[in-house]
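Trainee:
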Amino acid sequence: MQFGTGLQKRAGWKGDKHVGRDRDSDRPVEPDERGGTSLATDEYYEGIPSHNLTPLSFRDMPPPLSLGKILGPSVILAGLGVGSGEYIIWPFIAANVGITMLWAALVGITLQFFINMEIERYTLATGETAVVGFARYWKPFGIVFAILALVPFIFPGWATSAITILSFLAPIGEGSIPFITIIALIAMGIALTVSPVVYNTVEKAEFFKVGLTIVFLIIGIFAVLLPRGDILTDLGGVVTNFGQITTSDTVTVSVLLGAIVFAGAGGALNLAQSNYIRDKGFGMGEYIPKIVSPFTGEEQAEPATGAMMRQDEENLERWRGWWRVANIEHFITFWALCVFSIGIFSLIAYATVFDQGIAEAADFSFIQAEGEALKNIVGGWFGTLFWIFGFFSLLLTALAVIDNVCRVIADALKTIHLTDSSISESRVYFIAVWTIIAIGAAILLAGFDQPLVLLVLSAVANGFVMLVYIAMLLVLNRALPEAIKLKGLRLIIMIVCLLFFGFFAGWLILSSITGLFGA
Numbered sequence: 013m014q015f016g017t018g019l020q021k022r023a024g025w026k027g028d029k030h031v032g033r034d035r036d037s038d039r040p041v042e043p044d045e046r047g048g049t050s051l052a053t054d055e056y057y058e059g060i061p062s063h064n065l066t067p068l069s070f071r072d073m074p075p076p077l078s079l080g081k082i083l084g085p086s087v088i089l090a091g092l093g094v095g096s097g098e099y100i101i102w103p104f105i106a107a108n109v110g111i112t113m114l115w116a117a118l119v120g121i122t123l124q125f126f127i128n129m130e131i132e133r134y135t136l137a138t139g140e141t142a143v144v145g146f147a148r149y150w151k152p153f154g155i156v157f158a159i160l161a162l163v164p165f166i167f168p169g170w171a172t173s174a175i176t177i178l179s180f181l182a183p184i185g186e187g188s189i190p191f192i193t194i195i196a197l198i199a200m201g202i203a204l205t206v207s208p209v210v211y212n213t214v215e216k217a218e219f220f221k222v223g224l225t226i227v228f229l230i231i232g233i234f235a236v237l238l239p240r241g242d243i244l245t246d247l248g249g250v251v252t253n254f255g256q257i258t259t260s261d262t263v264t265v266s267v268l269l270g271a272i273v274f275a276g277a278g279g280a281l282n283l284a285q286s287n288y289i290r291d292k293g294f295g296m297g298e299y300i301p302k303i304v305s306p307f308t309g310e311e312q313a314e315p316a317t318g319a320m321m322r323q324d325e326e327n328l329e330r331w332r333g334w335w336r337v338a339n340i341e342h343f344i345t346f347w348a349l350c351v352f353s354i355g356i357f358s359l360i361a362y363a364t365v366f367d368q369g370i371a372e373a374a375d376f377s378f379i380q381a382e383g384e385a386l387k388n389i390v391g392g393w394f395g396t397l398f399w400i401f402g403f404f405s406l407l408l409t410a411l412a413v414i415d416n417v418c419r420v421i422a423d424a425l426k427t428i429h430l431t432d433s434s435i436s437e438s439r440v441y442f443i444a445v446w447t448i449i450a451i452g453a454a455i456l457l458a459g460f461d462q463p464l465v466l467l468v469l470s471a472v473a474n475g476f477v478m479l480v481y482i483a484m485l486l487v488l489n490r491a492l493p494e495a496i497k498l499k500g501l502r503l504i505i506m507i508v509c510l511l512f513f514g515f516f517a518g519w520l521i522l523s524s525i526t527g528l529f530g531a
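Numbering (our numbering), first residue to last: 13 to 531.
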């Protein structure tokens, strides 16, 4: 619906009810913060349904900030990707079938860039997360996405992986790994719980991880790749074999398709990009309360429904500024970092252990074997550094995954289903954090390794959720006002994303179910 018919008056609508966040001292003071009247009191945008949630009243878009002041949200998302696909799956593929399949990683990350920017578009324009926007069309989407965010990550796989890698460096018995993992999970829960503003803690942790990643990869370039210059010439095969899919007895269809679909963050993890930019204060997210510690922060019980940005020229100019800087931030700290890390990690594996059959699966055995091979080929110090990096990387990924999943759950439950409750989103978030930690600890104490059924559920759930939210983003962002809605080239790219990930995710789901039942 065009904006011209979306401006309506509703009797009894009391205008904006949100409590604003603490203002950044570097941001210009808004008219309403000086006691003015920038808030709409009886107008709302009807282009997006409001029968499930409060309607989107109009507010002024805050002035855009510089790139240096908004760096962070995409670093967290990239850090999630480095924790598994970049460090384990793609190097495993390169070690077994070579680097020609890197074209798929490049395509997957590039398409994810555009998907994530559409997740950001809605939040920039309204302050709401994309999941809340979906629920405006069908309220059960809140519960659906909360479940789909939770199910694939209920097993503490990243934390267990980190402690397992630690056992390569220290004399830790296999039987001690579950107990040390539980201690690590509790420490993560405490770190999140006592953080005055949770986003700031997670951002700092992932900045440290990304810095560690860059340092390791630069060392790898000089220690492994440059002395083997012929390896770099093989990169030409990525171009000449573009579009060709190569599998083997070890690189199965499920491994390959999982790597393609989830290059970068992927799956349900991408949805939290809305929550990250909201808490960072992007666009209309400036008006939404942050998630804060129930002990050290000031909680606010208001549901995080947003407001539509005004459509006058001043606000549209601010929108263009935000859209430009948000795209740059995501391109630099998500797309470029993911491409760089997948490429270098894969080249290191290809240069050192290609076609040596060092492991049969992209798991701990491969990481241990690759580390030992790097010790023999490059030097003991580099293999040790490889494991040290893996330990810290996966541990910080575990922290970010808990935060990511609980943000989606808390936002969906509070904003969509607990709107009249006095409980705050922060409180729901921390209940979710400790619930996930408790379930993870129970699974570990019960002696379960990550079972095949859970792996299949993870693949199927993530493939399914990706298809659903790409389709819903097409619906949601086409319903925004004309000047800011999804259209033109980006609309075409999003349709391509739906087809591309629909094909590969569908293939992944089918092959996973087939493998589970032995068909």
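The beta-carbon is built from N, C-alpha and C at its ideal position, and this holds for glycine as well. These figures come from a predicted structure and were not determined experimentally.
Based on the DSSP output, what are the partners of Arg71 in its beta bridges?
Mentor: Met321
Trainee: Cα separation between Phe220 and Gly518?
Mentor: 36 Å
Trainee: Taking the alpha carbon of Phe442 as the reference point, which residue from Val304, Asn327 and Ala277 has its own alpha carbon closest?
Mentor: Among Val304, Asn327 and Ala277, the Cα nearest to that of Phe442 is on Val304.
Trainee: Alpha carbon to alpha carbon, how far is Phe513 from Pro183?
Mentor: Each residue's Cα considered, the two are about 43 Å apart.
Trainee: Beta strand (DSSP E) containing Tyr57: first to last residue?
Mentor: First-last of the beta strand (DSSP E) with Tyr57: Glu55 to Tyr57.
Trainee: Compute the distance between the beta-carbons of Leu430 and Val440, then report whether it is under 9 Å.
Mentor: yes
Trainee: Would you call Ile428 buried or exposed, if buried means 16 or more other Cβ atoms sit within 10 Å of its Cβ?
Mentor: buried
Trainee: Where does Val236 fall in DSSP's three states?
Mentor: helix
Trainee: Contact check, Ile370 vs Glu382 under 8 Å by CB: the rounded distance?
Mentor: 7 Å
Trainee: Tell me the rounded alpha-carbon separation between Ile194 and Ala450.
Mentor: 9 Å
Trainee: From Leu83 to Thr526, what distance separates their C-alpha atoms?
Mentor: Rounded to the nearest angstrom, the two C-alpha atoms are 42 Å apart.
Trainee: Residues in its own chain within less than 6 Å of Val210 by CB, not counting five upstream and five downstream?
Mentor: Taking Val210 as the centre and dropping the five residues before and after it, the same chain places the C-beta of Leu204 and Ile303 closer than 6 Å to its C-beta, in chain order.
Trainee: Leaving out five residues before and five after Val109 in sequence, what residues of the same chain have Cβ atoms less than 6 Å from its Cβ?
Mentor: Thr258, Ser260 and Val263
Trainee: For Cys350 and chain D, any beta-carbon pair shorter than 9 Å?
Mentor: The structure shown contains no chain D; it holds only a single protein chain.
Trainee: Where does the unbroken alpha helix (DSSP H) through Asp415 begin, and where does it stop?
Mentor: Gly392 to Ala424
Trainee: Rounding to the nearest angstrom, what Cα-Cα distance links Leu457 and Pro190 in this structure?
Mentor: For Leu457 and Pro190, the distance between alpha carbons rounds to 7 Å.
Trainee: For Val304, which three-state DSSP category applies?
Mentor: In the three-state reduction of the DSSP assignment, Val304 falls in the strand class, which pools E and B.
Trainee: Taking only the alpha-carbon atoms, compute the straight-line gap between Phe254 and Ala453 and give it to the nearest angstrom.
Mentor: 44 Å
Trainee: Quick one: grab the DSSP three-state call for Val156.
Mentor: helix
Trainee: In the DSSP assignment, the alpha helix (DSSP H) including Asp291 goes from what residue to what residue?
Mentor: Gln285 to Lys292
Trainee: Between Thr141, Asn474, Leu359 and Glu218, which has its C-alpha nearest Ile521's C-alpha?
Mentor: Asn474
Trainee: Once the 5 residues before and after Cys509 are set aside, which same chain residues still bring their CB inside 6 Å of it?
Mentor: Leu123, Ile127 and Ile482
Trainee: To the nearest angstrom, how far is it from the Cα of Leu247 to the Cα of Glu218?
Mentor: 29 Å
Trainee: Do you know how far the Cα of Asn416 is from the Cα of Trp115?
Mentor: It is roughly 28 Å from the alpha-carbon of Trp115 to the alpha-carbon of Asn416.
Trainee: Tell me, which residues are paired with Val209 by DSSP?
Mentor: Val304
Trainee: Considering only residues of the same chain and omitting the five flanking positions on each side of Ala277, which have a CB-CB separation below 6 Å?
Mentor: Leu89, Leu92 and Gly93
Trainee: Under 8 Å by Cβ, that's how I've got Pro75 and Arg330 pegged, so tell me the actual separation to the nearest angstrom.
Mentor: 6 Å
Trainee: Going by other Cβ atoms of all chains shown within 10 Å of its Cβ, with 16 needed for buried, is Ser188 buried or exposed?
Mentor: exposed
Trainee: On the criterion of 16 or more Cβ atoms from any shown chain inside 10 Å, does His342 qualify as buried, or is it exposed?
Mentor: buried
Trainee: Which of the three DSSP states is assigned to Pro103 in this structure?
Mentor: helix
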